[in-house]
């Protein structure tokens with residue numbers, strides 16, 4: 011069995027929603043599609059689809075396998091394109107969305123460099139601290155921070171960030187350095203209300219992850235305002251590393267409790283699997299990925 015072909019057939023069945031529609035798209039007979047799917051399930055030792063006379067639906071194993079198949083098939087396509095002798099200069103418009111602070115600090119400089127290199131390109135950057143529906147809002151690419159529960163997206167990881175607790179040197183001089191996260195429950199902490207978990211902060215001790223309740227006199231829904239309040243000595247704050255790293259480097263903020271930090275959080279460039287990646291979007295992702303990786307490694 012040609013495993014890559016079988017993967018492609020399986021993904022096409024999922025996308026089309028029926029065996030007959032997949033067969034038509036692939037220019038195969040329906041019986042060939044059925045045999046390919048059956049052989050794949052036998053090879054894997056798992057049922058991938060629930061099939062009735064009227065509908066198809068993914069099993070739990072099938073849903074996970076489908077996501078992995080999409081990634082593998084995309085990587086194969088990327089490799090083939092990289093070896094292609096046809097070199098084209100990207101041109102046209104791409105629409106990108108990202109969180110506000112990350113977009114301003116990291117994505118915008120990469121975009122500007124990209125536009126200098128490819129003057130026939132245009133980029134529209136939408137900075138919002140909410141999850142954007144790419145298809146509904148007509149976006150080509152999104153930068154997402156955190157796990158990706160949405161299986162309709164294909165992801166290219168560009169790095170990782172961490173949650174860091176910090177305070178101003180003056181605030182630490184007055185209130186001391188906490189030796190354990192539990193001590194924060196008795197200290198003044200800044201609440202970033204844009205996060206649903208703003209009143210509970212996550213930590214890791216040994217192999218255990220847990221959350222503690224925090225309290226404080228200042229709350230805001232705006233990241234930069236919360237960081238400013240932390241720099242001005244209003245209390246301890248928990249922020250993503252890229253949001254405070256410039257102030258840590260200049261000594262305006264001091265990180266604490268670093269041995270209790272939660273595991274790193276992935277940062278990905280994503281796009282919908284249902285939309286074929288255009289050459290201009292592919293060019294941007296290939297350009298931006300190593301540059302964002304370098305920026306996050308140095309952050």
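Numbering (the numbering used here), first residue to last: 11 to 309.
Yeah, the Cβ is synthetic: ideal placement off N, Cα and C, and Gly gets one too.
Here the structure is a predicted model, which is why all the values come from computation and not from measurement.
- Exposure of residue 145 is indicated by the presence of fewer than 16 other C-beta atoms within 10 angstroms of its C-beta.
- Under a 10 Å Cβ-count criterion, residue 300 is classified as exposed, with fewer than 16 other Cβ atoms of the shown protein chains found around its own Cβ.
- Buried is the label assigned to residue 121, since at least 16 other Cβ atoms lie within 10 Å of its Cβ.
- DSSP, reduced to helix, strand and coil, places residue 216 outside both helices and strands of the structure shown, so it counts as coil.
- When only Cα atoms are considered, residue 242 and residue 235 end up about 10 Å apart.
- Short of 7 Å from the beta carbon of residue 80, and not among the five residues preceding or following it, lie these beta carbons of its own chain, in chain order: 21, 164, 283.
- Minimum Cα-Cα distance from residue 24 among the listed residues 65, 54, 38 corresponds to 65.
- A residue is called buried when at least 16 other Cβ atoms come within 10 angstroms of its Cβ; residue 58 meets this threshold and is buried.
- Annotation: residue 266 to residue 238 spans about 17 Å, alpha carbon to alpha carbon.
- Counting only runs of 3+ residues, the beta strand (DSSP E) found wholly inside the stretch 172-211 occupies 173-177, in chain order.
- In the three-state reduction of the DSSP assignment, residue 101 falls in the coil class, being assigned neither a helical nor a strand state.
- Annotated three-state conformation of residue 165 is strand, per DSSP.
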